[in-house]
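Student: Protein sequences appear in the order of chains E and C. The UniProt record's numbering numbers the first residue of the first sequence as 1 and each following residue consecutively. The UniProt record's numbering numbers the first residue of the second sequence as 1 and each following residue consecutively.
Number of protein chains: 2
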Amino acid sequence: MTKIEYQPLNDRAYQEILTGLTNGIFAPMQPLVIRTLAENYGISATPIREALQRLVAERLLVVLPNRSIVVPQMTREKFAQLLPVRVALEGMATELAVPRLVPDDIAQLRGILDRIAATAKTFDARAYLQLNREFHFRIYEKSGNEELLHVIQGLWLKVGPVFTGLFDSDHFRQHANDEHVHIVAALERGDAAAARACMERDLTLAARSLMPRLASAAP
Amino acid sequence: MTKIEYQPLNDRAYQEILTGLTNGIFAPMQPLVIRTLAENYGISATPIREALQRLVAERLLVVLPNRSIVVPQMTREKFAQLLPVRVALEGMATELAVPRLVPDDIAQLRGILDRIAATAKTFDARAYLQLNREFHFRIYEKSGNEELLHVIQGLWLKVGPVFTGLFDSDHFRQHANDEHVHIVAALERGDAAAARACMERDLTLAARSLMPRLASAAP
DNA sequence: GTATTGTATATGATATATCAAATAGCAGGC
DNA sequence: GCCTGCTATTTGATATATCATATACAATAC
């Protein structure tokens with residue numbers, strides 16, 4: 001007997017639109033039209049509207065004064081504002097995770113490390129993004145702080161879409177795993193302060209690689 | 001010419017339900033019924049439903065497996081998890097605000113301080129909560145970091161409802177303003193580190209006063 | 001008396017119809 | 001040629017109708 005699971009349409013619409021955002025299907029500033037999306041997904045307007053409103057509440061979409069709903073432009077300035085928040089919270093989560101990690105967790109993280117290294121050779125950007133996310137959240141989940149985790153998830157939703165293209169940089173691709181290796185080493189020897197510092201450096205380095213290619217906000 | 005402003009019903013429903021939550025109108029675990037709320041507010045179900053979903057996205061309400069929507073119980077454990085996140089972010093916001101505060105801001109903060117002191121004499125809990133919020137956000141807004149501010153606002157929404165009753169404690173009421181005074185003093189002399197430390201202490205002391213009276217999570 | 005099953009009711013989820021605001025295009029006036 | 005105002009169309013907002021699921025309760029079987 002396998003359980004039959006029901007998922008409301010608005011949830012699925014949310015997921016669809018979210019992956020669409022992450023994959024850059026929707027161009028910034030181009031309005032998301034409820035009726036159009038409804039027709040595309042073959043459902044009615046109501047669940048689409050609900051999904052859009054949820055995305056607006058999460059600030060992944062914004063409502064213009066015209067009431068149009070559009071993808072906000074991720075600017076260098078916004079990313080720069082997000083960075084210290086992420087550094088503080090993801091650093092905290094890493095530190096909290098240290099005493100809670102068991103040897104098996106470390107082994108799994110090493111497995112992810114290997115797979116990330118492989119993507120650098122195969123130039124598989126999609127796999128890299130997926131694995132990078134997995135690596136980070138494997139750690140954050142171990143913080144044991146649900147509320148913290150939830151806030152971090154919200155922040156990743158915002159920065160996620162711009163991570164695409166991070167992999168284009170040769171330099172980044174070559175060193176993408178460097179800090180990860182240090183993080184796992186620190187985690188293994190139970191050095192919370194070092195783990196936190198490495199995690200913070202990982203975020204900062206990625207941001208440094210990414211920010212120059214983001215557009216600056218319109219004055 | 002005063003601007004005529006239109007506000008969608010779902011926004012207003014959101015506000016209404018939110019203040020209802022803050023005022024403890026809705027008991028935890030008691031389901032919020034869409035049709036009932038719609039009838040009470042004299043509008044149709046759709047905007048109510050949208051408001052509820054937004055509140056769910058913000059985690060101010062939760063959906064049970066039955067699909068009922070209820071107020072989650074704020075437990076001691078959840079509050080304890082929220083605290084370090086708030087300390088980190090509100091501390092950061094305070095620190096960032098220091099170099100951006102102008103003398104007029106300080107004057108305004110002092111004004112709030114006086115009014116808070118007055119509430120301790122008149123036992124006006126509602127006014128205290130309002131002014132306390134105003135005091136904190138006057139500072140946070142000056143951080144110049146919109147993203148940070150938004151996350152903090154989300155956290156305050158969660159802890160807001162339990163702040164009611166903070167004022168019942170004699171000891172807290174007498175010392176409610178102590179840290180605030182130190183914060184303003186530090187802000188005035190431009191001492192970012194001290195301002196941050198005082199802010200962190202303010203949050204921690206309030207939490208210490210509040211947490212014992214929260215129910216522990218069901219095992 | 002308890003358990004089970006069927007039925008009525010409550011309630012959330014979705015689709016559709018209708019309303020209202022915004023936008024685009026066009027005609028007329030200057 | 002450009003502005004103004006009208007109209008049609010698009011599109012978001014709301015209300016309502018319908019459907020599906022969960023719950024409560026009653027009836028029946030044992």
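Beta carbons: idealized from backbone N, C-alpha and C, even for Gly. Nothing here was measured: the structure is a model prediction, and the numbers come from that model.
#1: For the region 57-71 of chain C, list every residue whose C-beta sits within 9 Å of some C-beta in chain E, in sequence order.
#2: Among the residues of its own chain, which have a CB less than 8 Å from the CB of residue 177/C, if the five just before and after it don't count?
#3: In terms of residues, what are the limits of the alpha helix (DSSP H) holding residue 181/E?
#4: Where residue 208/E and residue 159/C are concerned, what is the direct C-alpha to C-alpha distance, given to the nearest angstrom?
#5: Would you mind stating whether residue 211/C and residue 76/C have Cβ atoms separated by less than 8 Å?
#6: Given this structure, state the Cα-to-Cα distance separating residue 72/C from residue 124/E, to the nearest angstrom.
#7: How many whole angstroms separate the CB atoms of residue 85/E and residue 155/E, which I take to be in contact at a CB cut-off of 8 Å?
#8: Determine, using beta carbons only, whether residue 61/C and residue 69/C come nearer to each other than 8 Å.
#9: By the three-class DSSP mapping on this structure, what secondary structure does residue 71/C have?
#10: Which residues in chain C sit within 7 Å of residue 50/E, going by Cβ to Cβ distance?
#11: With distance defined between alpha-carbon atoms, name the residue in 100/E, 12/E, 163/E, 205/E nearest to residue 24/E.
#12: Whose C-beta lies closer than 8 Å to the C-beta of residue 20/C among residues of the same chain, with five residues either side of it excluded?
#13: Does residue 212/C get closer than 8 Å to chain E when you measure Cβ to Cβ?
#14: How about residue 188/E: is its C-beta nearer than 8 Å to some C-beta of chain C?
#15: Can you list the residues of chain C that residue 88/E reaches, using a CB-CB cut of under 8 Å?
#16: Consult DSSP for residue 63/E and reduce its assignment to one of helix, strand or coil.
#17: Classify residue 132/E as buried or exposed, calling it buried when 16 or more other Cβ atoms lie within 10 Å of its own Cβ.
#18: Kindly list, in the order they appear in chain C, the residues whose Cβ is closer than 8 Å to that of residue 150/E.
#19: Out of 198/E, 215/E, 187/E, state which residue places its alpha-carbon closest to the alpha-carbon of residue 88/E.
#20: With burial defined as no fewer than 16 other Cβ atoms inside 10 Å of the residue's Cβ, what is the status of residue 216/E: buried or exposed?
#21: Within the present structure, is the beta-carbon of residue 75/C separated from the nearest heavy atom of the ligand FMN by less than 7 Å?
#22: With the cut-off set at 8 Å, would you say residue 97/E and residue 139/E are in Cβ contact?
Tutor: A quick look at the data gives this:
#1: Near chain E, meaning a CB-to-CB distance below 9 Å, the residues of the region 57-71 of chain C are 57, 58, 59, 67.
#2: Apart from sequence neighbours up to five positions away, the residues of its chain that approach residue 177/C with a beta-carbon distance below 8 Å are 113, 116, 117, 120, ordered along the chain.
#3: From DSSP, the alpha helix (DSSP H) with residue 181/E extends over 178-188.
#4: In this structure, the straight-line span from the alpha carbon of residue 208/E to that of residue 159/C is close to 35 Å.
#5: When the beta-carbon positions are compared, residue 211/C and residue 76/C come within less than 8 Å of each other.
#6: Rounded to the nearest angstrom, the gap between the Cα atoms of residue 72/C and residue 124/E is 42 Å.
#7: With 8 Å as the limit, residue 85/E and residue 155/E qualify as a contact, their Cβ atoms being about 6 Å apart.
#8: Remark: C-beta atoms of residue 61/C and residue 69/C approach each other more closely than 8 Å.
#9: DSSP, reduced to helix, strand and coil, places residue 71/C outside both helices and strands of the structure shown, so it counts as coil.
#10: Taking the beta carbon of residue 50/E as reference, the chain C residues within 7 Å of it are 50, 53, listed in sequence order.
#11: Ranking 100/E, 12/E, 163/E, 205/E by Cα distance to residue 24/E puts 163/E first.
#12: The residues are 26.
#13: Taking CB atoms only, residue 212/C has no neighbour in chain E less than 8 Å away.
#14: Residue 188/E does not count as touching chain C.
#15: Per Cβ cutoff of 8 Å: 88, 89, 92.
#16: If DSSP states are grouped into helix, strand and coil, residue 63/E belongs with the strands.
#17: A residue is called buried when at least 16 other Cβ atoms come within 10 angstroms of its Cβ; residue 132/E meets this threshold and is buried.
#18: The contact set of residue 150/E on chain C, defined by CB atoms closer than 8 Å, consists of 59 in chain order.
#19: Cα-wise, what sits closest to residue 88/E is 198/E.
#20: Sixteen is the threshold: since fewer than 16 other Cβ atoms of the shown chains lie within 10 Å of the Cβ of residue 216/E, the residue is exposed.
#21: Absence of the ligand FMN is noted for the structure shown, with no ligands found whatsoever.
#22: Yes, Cβ-Cβ distance for residue 97/E and residue 139/E is below 8 Å.
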